[in-house]
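Some notes on the structure that comes next.
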Amino acid sequence: MHASNQQDIKSANRAAILEQIRRSAPISRQQIAANLQLSPSTVTMAVQELIARGLVEETGPGVSSGGRPPVLLNLKSGSRYIISVDVSSIFGQRIFQAAVLDLTGHLVASVKHSRELSSGEEMTEAIFDIIDRLIEESGVGLEKALAIGLSLPGLIDSTAGMVIFTGIGICGLPLGELLQERYGLPALLYNSEDVAALGEYYFGAGKGASSLLYFFAGNGVGAGIVLDGKIFPCTRISAAEIGHMTILPDGPPCHCGSRGCLTRLISSDVILDAVRQRCAGQKVASLEDVLQAARSGQKDCLDVIQRCAEWVGIAISNTIHLINPQVIIFDGELFGNDDFFLKLVKEAVSRHSFQYYLPEVQMYRSTLGREAGLKGIGILAIDQVFQS
Ligand SMILES: [Zn+2]
1060 MHASNQQDIK
1070 SANRAAILEQ
1080 IRRSAPISRQ
1090 QIAANLQLSP
1100 STVTMAVQEL
1110 IARGLVEETG
1120 PGVSSGGRPP
1130 VLLNLKSGSR
1140 YIISVDVSSI
1150 FGQRIFQAAV
1160 LDLTGHLVAS
1170 VKHSRELSSG
1180 EEMTEAIFDI
1190 IDRLIEESGV
1200 GLEKALAIGL
1210 SLPGLIDSTA
1220 GMVIFTGIGI
1230 CGLPLGELLQ
1240 ERYGLPALLY
1250 NSEDVAALGE
1260 YYFGAGKGAS
1270 SLLYFFAGNG
1280 VGAGIVLDGK
1290 IFPCTRISAA
1300 EIGHMTILPD
1310 GPPCHCGSRG
1320 CLTRLISSDV
1330 ILDAVRQRCA
1340 GQKVASLEDV
1350 LQAARSGQKD
1360 CLDVIQRCAE
1370 WVGIAISNTI
1380 HLINPQVIIF
1390 DGELFGNDDF
1400 FLKLVKEAVS
1410 RHSFQYYLPE
1420 VQMYRSTLGR
1430 EAGLKGIGIL
1440 AIDQVFQS
């Protein structure tokens, strides 16, 4: 066999073994060999190398099935980390959150700040600032970090590490390269909703679902799909742009060039404008104010909220007919702190869906919030490190 082929097989085996340990730890060498259909000696050699690299450690003996109890393997906690950053927005303010994750995807430390910004340079500076602050405040040295993962709203080219387009007019920003240059670490960029969907799949209400739709509504609207544990589609640019699904063909124009897109109908600023127009006396500063007024039966607010729920219901129903997800997770300010809005959405989904689909679909509000994105991008960054 050609030497470079042998090398490829060796590193592919090593990545697969590490992946098994990450997902199923504590696990024995024998079990890994059986799961991956590899020879015991291949597993033993690869594990030896992973221990030497400080990524894996042996823990106490497992349960014996007759002979000597097998030694179990774990990822070495506290040895290496991933830096994960999530950018979101509320009313023009960009919220930057950064976290240190261990190799199992658990959050070790996090920091948060908000900024107003209008250019790619300001965005880059704000991301550098939050990472610097995270490193300083967490006490985890940069030398222990393996990679940086960044979750951003908008169209992201993950392969090129490039921001293609964000709602605040930032286009063609090579953030992956800029992060790599500054920190000397591999950097991975992904769309926020895609990685939030993955975070919900691994750690949230959609844990282990064969198909999962994540839907976000707040300052903007977005979605992500996870099928068989992977973001769909596995192409360069994300999909699931539910925000630009046409709901009202004659509706208001959207920045995408179409009209009546969901995002133009239910984004937080649109809802606040609608409430202010209908009811000059109503004091509303946030979506939570509108939801609170609707909960207590204030007619104008309730009308606006019910109309939004109807539109979300139509979009979700269209999506159910297309991909029939096992679980749908709802997140964002529009879903508030209780199930009030979700209940209205479920009623609308029920009105617009082919009834046979409905018993199959489970719908929940996210319990993770922004942590879903931080963890989702962290998991992808860990995967990338393990594969390389
Ligand atoms: Zn649009």
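Here our numbering is used: the first residue of the sequence shown is 1060, the next is one more, and so on. The beta-carbon is built from N, C-alpha and C at its ideal position, and this holds for glycine as well. Computed from a predicted structure; not experimentally measured.
Whole-number beta carbon distance between residue j and residue i, since they are thought to touch under 8 Å
i: G1208; j: S1143; result: 5 Å
i: I1225; j: L1234; result: Correcting the residue type first, residue 1225 is Thr in the shown sequence and not Ile. So it is not a contact: roughly 11 Å between Cβ atoms.
i: R1430; j: G1395; result: In the sequence as presented, Arg is not what sits at residue 1430; that position holds Glu. Incorrect: roughly 18 Å between the Cβ atoms, too far for contact.
i: A1206; j: I1141; result: 6 Å
i: I1373; j: H1411; result: 5 Å
i: T1118; j: L1131; result: 5 Å
i: V1199; j: V1167; result: 7 Å
i: Q1385; j: A1268; result: 5 Å
i: L1403; j: A1368; result: 3 Å
i: L1331; j: L1307; result: Contact flag wrong, Cβ pair sits at about 19 Å.
i: L1201; j: L1162; result: Not really, about 16 Å apart at Cβ, beyond 8 Å.
i: A1092; j: V1102; result: 5 Å
i: F1399; j: R1354; result: 5 Å
Candidates the options, of which the one nearest residue i by Cα
i: E1236; options: T1218, G1228, T1225; result: T1218
i: T1451; options: R1318, H1314, A1299; result: This structure cannot speak to residue 1451, because the chain is shown only from 1060 to 1447.
i: L1417; options: R1127, A1092, I1379; result: I1379
i: D1188; options: T1322, F1224, I1154; result: I1154
i: I1215; options: G1265, G1263, V1146; result: V1146
i: C1360; options: V1334, A1344, L1257; result: V1334
i: Q1414; options: N1383, D1442, L1403; result: N1383
i: G1279; options: H1172, E1392, L1077; result: E1392
i: M1104; options: L1077, A1246, P1128; result: L1077
i: G1437; options: L1247, H1172, D1067, R1073; result: L1247
i: G1263; options: G1372, G1164, L1095; result: G1164
i: V1371; options: V1349, G1281, L1331, A1440; result: G1281
i: P1128; options: T1101, S1087, L1162, I1149; result: S1087
i: P1285; options: D1253, A1276, Q1443, C1313; result: With the sequence shown as reference, residue 1285 is identified as Val, and Pro is not the correct amino acid for it. The option with the nearest alpha carbon to V1285 is D1253.
i: G1435; options: R1410, K1289, K1342, K1402; result: K1289
i: V1444; options: R1073, A1299, A1092, S1123; result: R1073
i: T1322; options: A1344, L1350, I1229, G1213; result: G1213
i: Y1423; options: I1441, A1185, L1401, G1432; result: L1401
i: A1084; options: E1180, E1240, P1120; result: P1120
i: L1160; options: G1113, S1138, I1068, S1173; result: S1138
i: D1287; options: I1301, K1266, L1381, G1277; result: K1266
i: H1303; options: A1276, S1177, F1291, P1292; result: A1276
i: A1157; options: Y1260, I1194, G1125; result: I1194
i: F1389; options: Q1351, G1428, C1367, E1406; result: G1428
i: S1123; options: Q1090, S1136, T1101, I1149; result: Q1090
i: S1425; options: E1175, E1259, I1375; result: E1259
i: Y1249; options: S1136, G1113, V1408, I1223; result: I1223
i: V1363; options: V1349, I1375, S1376; result: V1349
i: N1377; options: V1343, V1408, G1356; result: V1408
i: E1300; options: D1309, S1136, F1399, L1272; result: L1272
i: M1182; options: C1320, S1148, P1245; result: S1148
i: L1433; options: P1311, S1326, Y1261, G1231; result: Y1261
i: I1100; options: K1069, G1125, Q1079, R1112; result: It should be noted that the sequence gives Ser, not Ile, for residue 1100. For the residues K1069, G1125, Q1079, R1112, the minimum Cα distance to S1100 belongs to K1069.
i: G1231; options: G1179, H1314, S1169; result: G1179
i: E1406; options: R1081, I1375, I1190; result: I1375
Residue i: CB within 7 Å of a non-hydrogen atom of ligand 1
i: T1378; result: no
i: C1320; result: yes
i: C1313; result: yes
i: H1448; result: Nothing can be reported for residue 1448: it is not among the residues displayed for the chain, which extend from 1060 to 1447.
Residues bridged to residue i (per DSSP)
i: S1147; result: I1154
i: T1183; result: DSSP output for T1183 lists no bridge partner at all.
i: A1246; result: I1207
i: V1285; result: L1271, I1290
i: F1445; result: According to DSSP, F1445 bridges with nothing at all.
i: L1160; result: I1141, L1166
i: T1305; result: C1320
i: S1087; result: L1131
i: V1222; result: I1215, L1232
i: K1171; result: Q1156
i: R1424; result: F1389
i: V1280; result: A1276
i: P1418; result: Answer by DSSP bridge pairing: none, since P1418 is not bridged.
Distance cut-off 7 Å: residue i Cβ against heavy atoms of ligand 3
i: S1317; result: The ligand content of the structure shown is limited to ligand 1, which means ligand 3 is not among them.
Threshold first: 3 residues or longer. Then list the beta strand (DSSP E) segments lying entirely within the stretch 1321 to 1401, N to C.
Counting only runs of 3 or more, we get 1386 to 1390.
Uninterrupted beta strand (DSSP E) stretches inside the stretch 1092 to 1128 (no shorter than 3 residues)
Qualifying beta strand (DSSP E) stretches, in chain order: 1115 to 1120.
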